[in-house]
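Step one of this worksheet: look at the structure below.
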Amino acid sequence: MPGFTSAEVQSLKAQYEKVGQGHVFTYFDSLSEPEQKSFFEQLQKIDPARVQKLRDLALNPPKEQGQAVVEPLPDSANASIIDSKPEDIQRWYDLGLELIGKGEVAVVLLAGGQGTRLGSKAPKGAFDIKLPSHKSLFQIQAERILKIQKLAAEKAADPSKAVIPWFIMTSGPTRGPTEKFFKKEKLDELSDEENASRAKGIPYFGLDPKNVTIFEQGVLPCITNDGKFMLASKGKLAVAPDGNGGLYKALQDEGVLDKMRPNIKHVHTYCVDNCLAKVADPVFIGFAAENKVKIATKVVRKRDATESVGLILQKSGKPDVVEYSEIDDATRQATDSKQPSLLKFRAANIVNHYYSFGYLDSMGDAVNSLPPHVAKKKIPFFDTEKGEHVDPKAPNGIKLEQFVFDNFKWLNLNEFACFEVKREEEFSPLKNADPAKKADGTFEKKPEDGPTTSRTHIKEQGRRWVEAVGATVKNGDVDGGLEVSPLTSYGGEGLESFKGKTIETLSI
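With the first letter of the sequence shown counted as 1, position 415 gets the number 461 in our numbering; the numbers rise by one all the way through.
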């Protein structure tokens, strides 16, 4: 049995024909039964009318009324861990830990990317940045959850409630490998050495499997320049992930909101490639909860006016993110009238957000209104007119993607908050492979946002933490640092036993 009826095929075909996409069924009748089943299931998951609406919105975005006025967020929507009073930070921490202890906090990890630019086909979260422990990004982050659960349980009225469910959003190419990696099964995408290292570990890195949910973001068809859905083969649409903004629809479609609904009130979301991410950060959660906002976002200070990052600000009286390319040079260079040594627009977006569960649960059909962005690409496809595969030499179509921050502008300023954190403590993205090395072993150019910087930043942080309690590090580490396991310390706490001691090991 093919798993569908002729009437169901005709009904689905009619949906595609209604929006001028009936050509995708050109070869359907010539496919084998298993191929038909697979193609039918793929087509069924896509709403062609929705895609058509997104395409039209992307190519003909609504024009803004009048001249947009860009200003930093008001003080009422801003806080900085750099400038805040210690008693405020402690109050936010205590509140966040209390909420974790009540079982009201969940974490969503954006983990759809592969390590392609790092020379790996495995999920980026499985990447080994060559710490002394050889822990992957997934393991580092899992252990931060374990540690903050433990700290919360120690203060909770009912320690058994101090559980943080972890929801991991993958993509089509990364879902299967991610599930295998968590179960510590062998991955073809990893080297023998990397598989052997993972095999020594424990499933789910010590987390209870029932508290880890791996789900998949949606896809959108690739579209020709004249608006037609592209085929990858006779029986398969050419598709691409719908961007990190697909999170909101995936939370609905994959049943994540249903899982959260009984207990969760606060959700922390971050990207897998940030090795310094404070997962379920109690200070951030406490700050956002105290201010009763729908969305809060972490930012770091721009390094300088030329750093190419998106900025969190207000645009025509609404919170927004403006990309580097959208800002003129005078705006980039402008300084803060209150603090002239700082840039006026300095709140760099690091895709690290808080959501009230109530907000996520109320989005409804608004998930389909996130403005899509167009990327013009060279997309291999199957030409239905010529009946052959084509590998284009120039961009021949578009991919649509949505950005996770494009709903910020839907909020009022009193529903949104921005929380500035220290870059050296909380942000070190893994984007690029390390540069080639010269004959003497040094890099041809300075590494940037790669394995070396990620590894070094973790070890520099560890060294700062132990030196702050009066320890000395003399371990001969090649990067001059110390790896502090998240199971030893979540954020620098609990290291007093090292006071006055000399640490000679590479990790503690």
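Even glycine gets a Cβ: it sits at the ideal position worked out from N, Cα and C.
Inset, instruction - Identify whether Asp429 lies in helix, strand or coil by the three-state DSSP scheme. - result: Counted from its first residue, the sequence shown places residue 429 at position 383. The answer is strand: DSSP assigns Asp429 an E or B state.
Inset, instruction - Whole angstroms is fine: what's the gap from Glu239's alpha carbon to Arg307's? - result: The count along the sequence shown starts at 1 and reaches residue 239 at position 193. The count along the sequence shown starts at 1 and reaches residue 307 at position 261. Approximately 41 Å, taken between the alpha carbons.
Inset, instruction - Have a look at the DSSP bridge pairing and note the partners of Tyr316. - result: By 1-based counting over the sequence shown, the position of residue 316 is 270. In DSSP, Tyr316 forms a bridge with Leu155.
Inset, instruction - Please list, in chain order, all residues of the same chain as Ala527 whose beta carbon is under 7 Å from its beta carbon, the five residues on each side excluded. - result: Translated into positions along the sequence shown, residue 527 becomes position 481. Correcting the residue identity first, residue 527 is Gly in this sequence and not Ala. Setting aside the 5 residues that flank it on each side, Gly527 is surrounded in the same chain by Thr502, Lys505, Glu506, Gly508, Arg509, each with a C-beta closer than 7 Å to its C-beta; the list follows chain order.
Inset, instruction - Measure the beta-carbon distance from Ala125 to Phe333 and round it to whole angstroms, keeping in mind my assumption that it falls under 8 Å. - result: On the sequence shown, residue 125 is found 79 positions in, with the first residue counted as 1. On the sequence shown, residue 333 is found 287 positions in, with the first residue counted as 1. Yes, they are in contact, since the Cβ atoms of Ala125 and Phe333 sit about 6 Å apart, within 8 Å.
Inset, instruction - Quick one: residues in its chain with C-beta nearer than 6 Å to the C-beta of His419, no 5 flanking neighbours on either side, listed in chain order? - result: Position 373 of the sequence shown, counting from 1, holds the residue named residue 419. Residues Glu447 of the same chain have their beta carbon placed closer than 6 Å to that of His419, with the five preceding and five following residues left out of the count.
Inset, instruction - Give the single residue among Leu359, Glu529, Ile331, Asp437 whose Cα lies nearest to the Cα of Ser279. - result: Position 233 of the sequence shown, counted from the first residue, corresponds to residue 279. When each option's Cα is compared against that of Ser279, the closest is Asp437.
Legend entry - Residue range of the unbroken alpha helix (DSSP H) whose run includes Ile146: As a first step, residue 146 is located in the sequence shown; it is residue number 100 there, counting from the start. It spans 132-147 - the alpha helix (DSSP H) in which Ile146 sits, taken as one unbroken run.
Inset, instruction - Could you have a look at Asn561 and say whether DSSP puts it in helix, strand or coil? - result: Nothing can be reported for residue 561: it is not among the residues displayed for the chain, which extend from 47 to 554.
Legend entry - Nearest candidate by alpha-carbon position, reference Val115, set Ser402, Leu359, Glu461, Asp452: Position 69 of the sequence shown, counting from 1, holds the residue named residue 115. Restricting attention to Ser402, Leu359, Glu461, Asp452, the CA atom closest to the CA of Val115 is found in Leu359.
Inset, instruction - Specify whether the segment 328-342 and the segment 400-418 touch according to this definition: at least 3 beta carbon pairs, one from each stretch, less than 8 Å apart. - result: Yes, the segment 328-342 touches the segment 400-418.
Legend entry - Alpha carbon of Gln61 to alpha carbon of Glu81, nearest angstrom: Taking the sequence shown and counting its residues from 1, the one referred to as residue 61 is at position 15. Taking the sequence shown and counting its residues from 1, the one referred to as residue 81 is at position 35. Computed Cα separation, rounded: 20 Å.
Legend entry - the segment 260-278 / the segment 230-238 touching (three or more Cβ pairs under 8 Å): Taking 8 Å as the limit for Cβ pairs, the verdict is that the segment 230-238 does not touch the segment 260-278.
Legend entry - Collapsed DSSP secondary structure at Leu192 in the structure displayed: Taking the sequence shown and counting its residues from 1, the one referred to as residue 192 is at position 146. Under the three-state reduction of DSSP output, Leu192 falls in the helix class.
Legend entry - Contact belief for Leu155 with Leu197 at Cβ below 8 Å, rounded distance in angstroms: Position 109 of the sequence shown, counted from the start, is the residue given in the question as residue 155. Position 151 of the sequence shown, counted from the start, is the residue given in the question as residue 197. So it is not a contact: roughly 20 Å between Cβ atoms.
Inset, instruction - State the Cα-Cα distance for the pair Glu493 and Lys455, rounded to the nearest angstrom. - result: The residue given as residue 493 occupies position 447 in the sequence shown. The residue given as residue 455 occupies position 409 in the sequence shown. For the sequence presented, residue 493 should be read as Pro rather than Glu. Their backbone Cα atoms lie some 35 Å apart in a straight line.
Inset, instruction - List the endpoints of the continuous beta strand (DSSP E) containing Gly291. - result: Locating residue 291 in the sequence shown gives position 245, where the first residue counts as 1. From DSSP, Gly291 is part of no beta strand (DSSP E); its letter is neither H nor E.
Inset, instruction - Whole angstroms is fine: what's the gap from Asp288's alpha carbon to Gly158's? - result: On the sequence shown, residue 288 is found 242 positions in, with the first residue counted as 1. On the sequence shown, residue 158 is found 112 positions in, with the first residue counted as 1. The alpha-carbon atoms of Asp288 and Gly158 are separated by roughly 10 Å.
Legend entry - Cβ-Cβ separation, Ala202 to Gly147 (assumed contact under 8 Å), whole Å: Start at 1 with the first residue of the sequence shown, and residue 147 comes out as number 101. Start at 1 with the first residue of the sequence shown, and residue 202 comes out as number 156. Contact flag correct, Cβ pair sits at about 3 Å.
Legend entry - DSSP bridge partner residues for Cys464 (one or two, in chain order): Looking up residue 464 in the sequence shown gives position 418. Bridge partners of Cys464 according to DSSP: Asn124, Thr343.
Inset, instruction - Evaluate Lys468 with the Cβ neighbour count: other Cβ atoms within 10 Å of its Cβ, from every protein chain shown; 16 or more gives buried, anything less gives exposed. - result: Working through the sequence shown from its first residue, we reach residue 468 at position 422. Lys468 is exposed by the Cβ-count criterion.
Legend entry - DSSP-derived helix/strand/coil call for Lys505: Translated into the one-based positions of the sequence shown, residue 505 becomes position 459. The DSSP-derived three-state label of Lys505 is helix.
Legend entry - N- and C-terminal bounds of the alpha helix (DSSP H) containing Ala575: No answer is possible for residue 575: it lies beyond the span of the chain, which begins at 47 and ends at 554.
Legend entry - Classification of Pro441 by the beta-carbon crowding that lies within 10 angstroms, buried from 16 upward: For the purposes of this step, residue 441 is identified with residue 395 of the sequence shown, where counting begins at 1. Exposed, since its Cβ has fewer than 16 Cβ neighbours within 10 Å.
Inset, instruction - Please classify Lys305: does DSSP put it in a helix, a strand, or coil? - result: Within the sequence shown, residue 305 is the residue found at index 259, counting from 1. If DSSP states are grouped into helix, strand and coil, Lys305 belongs with the helices.
Legend entry - Outcome for Gln136 when other beta-carbon atoms lying within 10 angstroms are tallied against a minimum of 16: Translated into positions along the sequence shown, residue 136 becomes position 90. By the 10 Å Cβ count, Gln136 comes out exposed.
Inset, instruction - Spell out a yes or no on whether the segment 182-201 and the segment 525-539 are touching, meaning 3 or more CB-CB pairs, one atom from each, closer than 8 Å. - result: Yes, they touch.
Inset, instruction - May I have the straight-line CA-CA distance separating Ser500 from Phe50, to the nearest angstrom? - result: Taking the sequence shown and counting its residues from 1, the one referred to as residue 500 is at position 454. Taking the sequence shown and counting its residues from 1, the one referred to as residue 50 is at position 4. Cα to Cα, Ser500 sits roughly 49 Å from Phe50.
Inset, instruction - Answer yes if the segment 210-217 comes into contact with the segment 268-283, meaning at least three C-beta pairs across the two stretches below 8 Å, and no otherwise. - result: No, they do not touch.
Inset, instruction - Please name the residue in Lys295, Gln90, Arg244, Phe544 whose C-alpha comes closest to that of Val413. - result: As a first step, residue 413 is located in the sequence shown; it is residue number 367 there, counting from the start. Of Lys295, Gln90, Arg244, Phe544, the residue nearest in Cα terms is Lys295.
Legend entry - Continuous beta strand (DSSP E) stretch holding Thr216: start and end: For the purposes of this step, residue 216 is taken as the residue at position 170 of the sequence shown. Taken as a continuous stretch (DSSP letters only), the beta strand (DSSP E) holding Thr216 covers 212-216.
Legend entry - Beta-carbon separation (whole angstroms), Phe473 vs Tyr400, contact threshold 8 Å: By one-based count along the sequence shown, residue 473 stands at place 427. By one-based count along the sequence shown, residue 400 stands at place 354. Taking 8 Å as the upper bound for CB-CB distance, Phe473 and Tyr400 are not in contact here, some 16 Å apart.
Legend entry - Candidates Asp429, Arg349, Lys439, Glu133, of which the one nearest Lys423 by Cα: Taking the sequence shown and counting its residues from 1, one reaches residue 423 at position 377. Of Asp429, Arg349, Lys439, Glu133, the residue nearest in Cα terms is Lys439.
Inset, instruction - Take Asn453 as the anchor and find which of Phe489, Leu476, Glu513, Asp366 has the nearest alpha-carbon. - result: Against the sequence shown, residue 453 aligns to sequence position 407. For Asn453, the closest alpha carbon among the candidates Phe489, Leu476, Glu513, Asp366 is that of Asp366.
Legend entry - Start-to-end residues for the alpha helix (DSSP H) that takes in Glu471: Position 425 of the sequence shown holds residue 471. Taken as a continuous stretch (DSSP letters only), the alpha helix (DSSP H) holding Glu471 covers 469-472.
Legend entry - Where Val116 sits in the DSSP three-state scheme: Position 70 of the sequence shown, counted from the start, is the residue given in the question as residue 116. Of the three classes helix, strand and coil, the one that applies to Val116 here is strand, per DSSP.
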